[in-house]
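Working notes for the structure below.
2 protein chains.
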Amino acid sequence: MKVQLTSPLDMHLHLRQDDMLKKVAPFSAKYFSGALIMPNTIPPITTKELLLEYKKAILDATKDFTFTPYMSLFFQNYDKKFLQEIKNEIVSIKLYPAGITTNSQNGVSKIDIDEIGDTLQAMSELEIVLNIHGESNGFVMDREKEFLPIYEVLAQNFPKLKIVMEHITTKESATLLEKYDNLYATITLHHLFITLDDVAGGLLRPHLFCKPIAKRPEDKEALLHLALNAHPKVMFGSDSAPHPKSKKEAPGCAAGVFSAPVILPLLAQLFEKHNKLENLQAFISDNAQKIYNITPPKKVIALEKKAMQIKNEYEGIVPFMAGETIEWSVQ
Amino acid sequence: MKVQLTSPLDMHLHLRQDDMLKKVAPFSAKYFSGALIMPNTIPPITTKELLLEYKKAILDATKDFTFTPYMSLFFQNYDKKFLQEIKNEIVSIKLYPAGITTNSQNGVSKIDIDEIGDTLQAMSELEIVLNIHGESNGFVMDREKEFLPIYEVLAQNFPKLKIVMEHITTKESATLLEKYDNLYATITLHHLFITLDDVAGGLLRPHLFCKPIAKRPEDKEALLHLALNAHPKVMFGSDSAPHPKSKKEAPGCAAGVFSAPVILPLLAQLFEKHNKLENLQAFISDNAQKIYNITPPKKVIALEKKAMQIKNEYEGIVPFMAGETIEWSVQ
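Line order of the protein sequences matches chains A and B.
Quick note: the first sequence, position 35, residue 32 per the working numbering, numbers continuous.
Quick note: the second sequence, position 108, residue 105 per the working numbering, numbers continuous.
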């Protein structure tokens, strides 16, 4: 069995910086036509200079491939003039609640229309998408659920602003998606495969530790339902987040799953298993093109149902499902 | 401020074997008058020979202290004659569902009265306590809750059998305790201090990874309510479960928290903080003496409110709250 995917897009990708960028960017650039690049670098991407410099570094690291980095700014209050000026260089702005994940110390400490409404209004008028890491500071299994009222306030107050609930992990988020026309979502690879049981139900598996943490079986089912049916408001976004092996395997393991090298074969396996292979093209590219109004460079990736063993490490980084034999591979 | 505890008992303790036994047993023997020793050794304690050999090894390892190891057999079907013969050497039999935790491969695969009723009936007649690791094979956060109907069946069918729900972690278990006269429970140190948030809410902390996994804030509150009020059906049982540092800090980290060296000061701190210091004696000794009908050797441990820093390691094993400064210490 075979399937061809045209211009795959990864609408939530961490490429990091410097050496790590050079190591990991090719894995995405080889298989994807473009990706939305997360701006939680050190320092975060908050100026045109930093943005252009980062984009150049990404283009350098991916120069052997046809690959478009879609850039995102790190959310803070920006004036409309600045946004107008930078609009053609970005597709979105990513909002992090302060301290919620890797390099988010400079995030927003109070998500409140009085505080950030002007920036959101300007984004709405300029048609800049808002990405949000939607978690509260509460109990780890409740954080996403507790954040939903904030999505509601934003969706109601800025009805023309496209808001993407990033890497959703709960059935409650799947339900909220239907309530507001301007809410969208990305779903990762790993949240379609694992629950908290895989992370901490047997032995503890640090390579599956991520934020938001994998949730309950019924949550995974809700995400699968959206993805497998290529719900038009849902896009693939890997949240592939590399950390060196030494940092993942020490106590105080950093959050993040590195999936970039193995995404397409695993998605093909998953969609085929559920007899939904015909929906993968929409989930992996078409939906994102419509939502972001982008036209990525044409790139065709052919996959076939042929067993492949995932490597134990790629450039010193342990990938999702390291060492496992999977059913599909890139042709 | 000071408090004296008379004959502290740890009614759920893993002492392991060989070198590990020699390393860890003194930490319990120094501060406790006795402990119920878990039988999930390799091989499990299922014969009189193994039991006596293990007891001797424990007495050798604790010979510098006044300390009584209360012995437990590993549950399997035993005939009444054997139980009669071994009765004076044990206080209880510990039942593990197969594969549920460290060295439980030989546990019971089907907890069913048709399968194990004769043994339970004999135990009931001989007044041998039944300890149970009560978890299903389900989703990690639901395992204890899913096991509760089995406790109910056993409690109803063997009303004279004393059944101890070991290391309870949920509010549902706290509620069930009230429903049957013959149900009792142990609570660990760590489940009075942590929730899943501490294990996986920030960075991943393998030294807090244990089975049953720490649950939700409202569950911890229910356990605190039982312990701080020294509920007469509830005893302290540390479930102190040492693994070498190298095994805890590698991917595939084994489950278990090593608390033996730090139990009494941390309990004193906790009970004092809640103005319940007067209940600690019942929780740490008196309740267990009544439930098990045992009289441990007299041993008085004096604690004072004086800051102490917990070591980073004891004999190559990382303890609960390693490196932290706590408010109480043994005098």
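The C-beta atom is built at its ideal place from N, Cα and C for all residues, glycine as well.
Computed from a prediction, not measured in an experiment: that's the story for all the values here.
Note to self: Against chain A, which members of the segment 188 to 222 of chain B pass a CB distance test of less than 8 angstroms?
What the structure shows: Thr192, Leu193, Asp194, Val196, Ala197, Gly198, Leu200, Leu201, Arg202, Pro203, His204, Phe206, Ile210, Arg213 and Pro214
Next item on the list: Would you mind sorting Leu200/A into buried or exposed? The rule is 16 or more other CB atoms within 10 Å of its CB.
Entry: As a first step, residue 200/A is located in the first sequence; it is residue number 203 there, counting from the start. With fewer than 16 Cβ atoms within 10 Å of its Cβ, Leu200/A is classed as exposed.
Margin query: Going by C-alpha to C-alpha distance, which of Gly253/A, Ile298/A and Pro40/A sits closest to Ala10/A?
Written below: As a working note, residue 10/A is residue 13 in the first sequence. The residue you asked about is not Ala; residue 10/A is Leu in the sequence shown. For Leu10/A, the nearest C-alpha among the options comes from Gly253/A.
Notebook entry, point to check: Does the segment 76 to 89 of chain B come close enough to the segment 111 to 121 of chain B to have 3 or more Cβ pairs within less than 8 angstroms?
Noted result: yes
Notebook entry, point to check: Skipping 5 residues on each side, what residues in its chain have a beta carbon closer than 8 angstroms to that of Val231/A?
Noted result: Residue 231/A sits at position 234 when you count from the first residue of the first sequence. Closer than 8 angstroms at the Cβ level, and outside the excluded window around Val231/A, lie Leu174, Tyr181, Ala182, Thr183, Ile184, Leu223, Ala224, Phe280 and Asn284.
Item checked: Where the segment 132 to 145 of chain B meets chain A: residues whose CB sits under 7 angstroms from a CB there -> Phe136, Val137 and Met138
Note to self: Distance check for Lys295/A and Met17/A, CA to CA, integer angstroms please.
What the structure shows: Looking up residue 17/A in the first sequence gives position 20. Looking up residue 295/A in the first sequence gives position 298. If I take the Cα positions, the gap works out to 27 angstroms.
Next item on the list: Below 7 angstroms CB to CB, which residues in the same chain sit around Ser235/A once its five sequence neighbours on both sides are set aside?
Entry: Your numbering for residue 235/A matches position 238 in the first sequence. Taken in chain order, the residues that qualify are Asp7, His9, Leu10, Thr185, Leu186, Ser256, Ala257 and Ile260.
Check: When DSSP labels each residue in this structure, what does Phe64/A get in the three-state scheme?
Finding: To locate residue 64/A, count along the first sequence from 1; it is residue 67. The answer is coil: DSSP assigns Phe64/A none of H, G, I, E or B.
Next item on the list: Return the CA-CA distance between Ile39/A and Ser243/A, expressed in angstroms with no decimal places.
Entry: As a working note, residue 39/A is residue 42 in the first sequence. As a working note, residue 243/A is residue 246 in the first sequence. Computed Cα separation, rounded: 20 angstroms.
Check: Among Pro41/B, Glu132/B, Ile110/B and Thr99/B, which residue has its Cα nearest to the Cα of Ile90/B?
Finding: Numbered from its first residue, the second sequence carries residue 90/B at position 93. Cα-wise, what sits closest to Ile90/B is Pro41/B.
Checklist line | For Asn0/A, three-class secondary structure by DSSP | finding: Walking along the first sequence from the start, residue 0/A turns up at place 3. At residue 0/A the sequence reads Val, which differs from the Asn that was named. The answer is strand: DSSP assigns Val0/A an E or B state.
Check: Mapping DSSP to helix, strand and coil, what is Asn35/A?
Finding: Along the first sequence, read from residue 1 onward, the residue named residue 35/A stands at position 38. Going by the sequence as given, residue 35/A is Met instead of Asn. Note: Met35/A maps to coil in three-state DSSP.
Next item on the list: At 4 residues or longer, and completely inside the segment 193 to 249 of chain B: list those alpha helix (DSSP H) runs for me, N to C.
Entry: 193 to 197, 214 to 225 and 242 to 245
Item checked: Three-way DSSP call (helix, strand, coil) for Gln266/A in this model -> As a working note, residue 266/A is residue 269 in the first sequence. Looking at Gln266/A - three-state DSSP - the assignment turns out to be helix.
Note to self: Tell me the rounded alpha-carbon separation between Ile323/A and Leu221/A.
What the structure shows: On the first sequence, position 326 is the one that residue 323/A refers to. On the first sequence, position 224 is the one that residue 221/A refers to. Distance between the alpha carbons of Ile323/A and Leu221/A is about 19 angstroms.
Next item on the list: Establish whether the CB of Pro248/A and some CB of chain B are separated by less than 8 angstroms.
Entry: Numbered from 1 along the first sequence, position 251 holds the residue referred to as residue 248/A. So, interface residue.
Notebook entry, point to check: Are the segment 191 to 205 of chain A and the segment 269 to 276 of chain A touching by the rule of at least three beta carbon pairs closer than 8 angstroms?
Noted result: no
Margin query: When you compare the CB of Ala251/A with every CB in chain B, is at least one pair closer than 8 angstroms?
Written below: For the purposes of this step, residue 251/A is taken as residue 254 along the first sequence, with counting starting at 1. Yes - at least one Cβ of chain B is within 8 angstroms of the one on Ala251/A.
Checklist line | Contact under 8 angstroms by Cβ, Ile210/A with Leu189/A | finding: Your numbering for residue 210/A matches position 213 in the first sequence. Your numbering for residue 189/A matches position 192 in the first sequence. No. Outside cutoff.
Checklist line | Whole-Å CB distance - Ile307/A paired with Ala319/A, under 8 angstroms assumed | finding: In the first sequence, the residue the question calls residue 307/A occupies position 310. In the first sequence, the residue the question calls residue 319/A occupies position 322. That belief holds up - the Cβ atoms of Ile307/A and Ala319/A are roughly 6 angstroms apart, short of 8 angstroms.
Note to self: What residue range does the alpha helix (DSSP H) around Lys77/B cover?
What the structure shows: The residue labelled residue 77/B in the question sits at position 80 within the second sequence. Looking at the DSSP string, the run of the alpha helix (DSSP H) that includes Lys77/B is Lys77 to Ile83.
Notebook entry, point to check: If Leu33/B and Leu277/B are in contact, beta carbons under 8 angstroms, what's the gap, nearest whole angstrom?
Noted result: Counting from one through the second sequence, the residue named residue 33/B turns up at place 36. Counting from one through the second sequence, the residue named residue 277/B turns up at place 280. With a Cβ gap of about 19 angstroms, Leu33/B and Leu277/B do not count as contacting.
Margin query: Which residue wins for smallest C-alpha separation from Glu301/B, given the options Glu312/B, Ile288/B and Leu263/B?
Written below: Here residue 301/B refers to the residue found at position 304 when the second sequence is read from its first residue. Comparing Cα-Cα distances from Glu301/B to each of Glu312/B, Ile288/B and Leu263/B, the minimum goes to Leu263/B.
Check: In terms of residue numbering, what span does the alpha helix (DSSP H) encompassing Asn272/B cover?
Finding: Here residue 272/B refers to the residue found at position 275 of the second sequence. Run containing Asn272/B: none; DSSP gives neither H nor E here.
Item checked: Identified DSSP bridge partners for Asn128/A -> For the purposes of this step, residue 128/A is taken as the residue at position 131 of the first sequence. Asn128/A is bridged to Lys91/A and Val161/A.
Check: Can you tell me whether DSSP reads Leu180/A as helix, strand or coil?
Finding: Indexing the first sequence from 1 puts residue 180/A at position 183. Leu180/A falls in the strand class under three-state DSSP.
Item checked: Whole-number beta carbon distance between Phe64/B and Tyr93/B, since they are thought to touch under 8 angstroms -> The residue labelled residue 93/B in the question sits at position 96 within the second sequence. The residue labelled residue 64/B in the question sits at position 67 within the second sequence. So it is not a contact: roughly 25 angstroms between Cβ atoms.
Check: Span of the alpha helix (DSSP H) holding Leu186/B?
Finding: Locating residue 186/B in the second sequence gives position 189, where the first residue counts as 1. First-last for Leu186/B: undefined, no H or E at that position.
Next item on the list: Assign Glu163/B to one of two classes, buried (16 or more other C-beta atoms within 10 Å of its C-beta) or exposed (fewer than that).
Entry: Residue mapping note: residue 163/B aligns to position 166 of the second sequence, counting from 1. Its Cβ being crowded by 16 or more others within 10 Å, Glu163/B is buried.
Checklist line | Spatial distance of Glu46/A from Gln14/A (CA atoms) | finding: Taking the first sequence and counting its residues from 1, one reaches residue 46/A at position 49. Taking the first sequence and counting its residues from 1, one reaches residue 14/A at position 17. When rounded, the distance between both Cα atoms is 15 angstroms.
Note to self: Can you list, in chain order, the residues of its chain with a C-beta nearer than 7 angstroms to that of Asp313/A? Leave out the 5 residues immediately preceding and following it.
What the structure shows: On the first sequence, residue 313/A is found 316 positions in, with the first residue counted as 1. The identity of residue 313/A in the sequence shown is Gly, whereas the question assumes Asp. Taken in chain order, the residues that qualify are Pro241 and Lys242.
Check: Phe71/B bridges to which residues according to DSSP?
Finding: Indexing the second sequence from 1 puts residue 71/B at position 74. DSSP, once it has assigned bridges, lists Lys91/B as partnering Phe71/B.
Notebook entry, point to check: Can the beta-carbon of Ile160/A be found less than 8 angstroms from the beta-carbon of Asn179/A?
Noted result: Residue 160/A sits at position 163 when you count from the first residue of the first sequence. Residue 179/A sits at position 182 when you count from the first residue of the first sequence. Contact flag set, yes.
Notebook entry, point to check: DSSP puts Gln349/B in a beta bridge; with which residues?
Noted result: The structure shown has nothing for residue 349/B, since chain B only spans -2 to 328.
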